[in-house]
Amino acid sequence: AINDKQILFLAEEGSYVHEGDTVVILESQKYVISSDEANSSVRVAQAEYEKAQNELEAQRAKEEAAKKNYETLPELAKKGFVVESEVEQARLEYLEMQSTTRSLESVVQARQADVDRARSNFRNQVRKLEESYILAPREGVVVYASYGSGAASRKVEVGMVPFEGMDLMYLPDVSTMQVKSELNEVDLDKVRIDQPVEIRLDAFPDTSFTGRVKNIGTLARRKVNPATGKTTGTKVFDLLVQVDGSDVRLKPGLSASINIIVSKQKDVVYIPIESVFTTDKNRKFVYMKEGNDIERRMIETGVSNDLYVEVKNGLEEDDIVLLDIPQE
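So that you can map any letter, position 278 of the sequence shown is 267 in the working numbering, and since no number is skipped, the others follow by simple counting.
See the structure below:
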């Protein structure tokens, strides 16, 4: 268990590690002390066991001697060399030796149990100490785990004390990177599995990567405006893109944009897709600024991508539209 250990070290997020590399070190001083104490207990228990074992072996030798003496005397008594009282005394001594041997055998068993318990405790303390050093089970890129939800969500960090069963980090295989994106419902019939995709990372805007559509979600949901966190009238489907090949610049958690070319249009009017809203009868409209007034205007849309949508009718170049529903 790691729920009582403070994190002292974390491999740098985004760094590439190999199997066997140390990626997490947890506070272990008390387990060093506990393991030392447990080891001392093993040595003491082992010494007590060996002492009892030696006493038992000596006692067995005495018992064997008493047995031989008792077995010899009856013949001597028949010949008159010893009296019957000596034979009886030898018998009683032999019985006493047997009883003492049985008692010492019980002591040895108890001392052996003490050794087993001490060794088990020592192994447990060593295991806890070993758990303080977490090694990478495979190679990959370090990604810190997050805990909490919403605004309270935080990443794992040095100094915190993780709770039982808490994930600390992940090591995803960067040779099979994927991009999670969205597909506008108006483009659903234009995109297919394995369709080529152009990918751009915000961290490397001048470099493009290639990929293919791997999966298209089956349930539509309302698009969330990343700037406001509010849902819009636009319906989207989850889209998963498989990146071709591998590249050291591709790291988990990076922001990316994708471009699926289904058609090309020239000299058209287009607006941000967040500015388009839908009526109950599935008609498209925008909120347009006319001087100091806000006007709701119906439009006819054409092709679109993740960012923009073509406007076939209803708007002219230089018209100003709102990205959100205006406040009353």
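Every residue gets a Cβ at the ideal spot worked out from N, C-alpha and C, and that includes glycine. This structure is a prediction, so every number in the text was calculated from the model and none was measured.
Annotation for Tyr133: Glu2, Lys144, Val145, Met158 place their beta carbon closer than 6 Å to its own, counting only its chain and skipping 5 residues before and after. Restricting attention to Thr196, Glu73, Gln101, Glu60, the CA atom closest to the CA of Val31 is found in Gln101.
Per DSSP, Met277 is one residue of the beta strand (DSSP E) stretching across 273 to 279.
According to the DSSP assignment, Ala245 belongs to the beta strand (DSSP E) that extends over 245 to 248. Within the segment 97 to 156, the complete beta strand (DSSP E) segments at least 3 residues long are 122 to 124, listed from N- to C-terminus.
For the pair Glu305 and Tyr259, the CB atoms are not nearer than the 9 Å cut-off. Secondary structure at Ser95: helix, using DSSP grouped into helix, strand and coil. Below 8 Å, enough C-beta pairs join the segment 76 to 94 and the segment 44 to 60 to call them touching: three or more.
In this structure the segment 219 to 234 touches the segment 251 to 265; the number of beta carbon pairs closer than 8 Å is three or more. Three or more pairs of CB atoms, one per stretch, sit closer than 8 Å, so the segment 226 to 240 contacts the segment 169 to 181. The continuous stretches of beta strand (DSSP E) do not include Met166, and DSSP gives it neither H nor E.
In this structure, the straight-line span from the alpha carbon of Asp282 to that of Gly234 is close to 52 Å.
Each of Pro151, Leu311, Val175 was checked against the Cα of Gly280, and the nearest Cα belongs to Leu311. The closest CA to that of Phe198, considering only Thr207, Val257, Glu187, Leu45, is found on Glu187. Taking Tyr276 as reference, the option from Asp313, Gln254, Leu243 with the minimal CA-CA separation is Asp313.
Assigned with DSSP and collapsed to three states, Asp233 falls in coil, not helix or strand. DSSP, read as helix, strand or coil, puts Arg80 in helix. Under the three-state reduction of DSSP, Ser293 is assigned to strand. Within a 10 Å sphere around the beta-carbon of Phe152 sit fewer than 16 other beta-carbons, which makes this residue exposed. Only residues of its own chain outside the window of five on either side were considered, and among them Glu8 have a CB closer than 7 Å to the CB of Pro126, listed in chain order. The Cβ-Cβ distance between Leu239 and Val232 falls below 9 Å.
Three or more beta-carbon pairs separated by less than 8 Å link the segment 25 to 42 to the segment 99 to 117, which places the two stretches in contact.
Taken through DSSP and simplified to helix, strand or coil, Ile14 comes out as strand. Excluding residues up to 5 positions away in sequence, Met86 lie with their Cβ nearer than 7 Å to the Cβ of Lys51 in the same chain.
Short of 6 Å from the beta carbon of Leu(-3), and not among the five residues preceding or following it, lie these beta carbons of its own chain, in chain order: Ile14, Glu16.
Leaving aside the five residues that flank Val237 on each side, none in its chain has a CB nearer than 6 Å to its CB. Bounds of any beta strand (DSSP E) do not take in Arg238, whose DSSP letter is neither H nor E. Under the criterion of beta carbons closer than 8 Å, Ile205 and Val175 do not qualify as touching, at roughly 14 Å. The straight-line gap separating the alpha-carbon atoms of Glu94 and Ser23 is approximately 31 Å.
Membership of Val258 in the beta strand (DSSP E) is indicated by the continuous run 258 to 261. Residue state for Asn302 is assigned as strand, using DSSP reduced to three classes.
Judged by DSSP secondary structure, Gly200 falls within the beta strand (DSSP E) whose first and last residues are 193 to 205.
A direct Cα-to-Cα measurement between Phe70 and Asp105 gives close to 52 Å.
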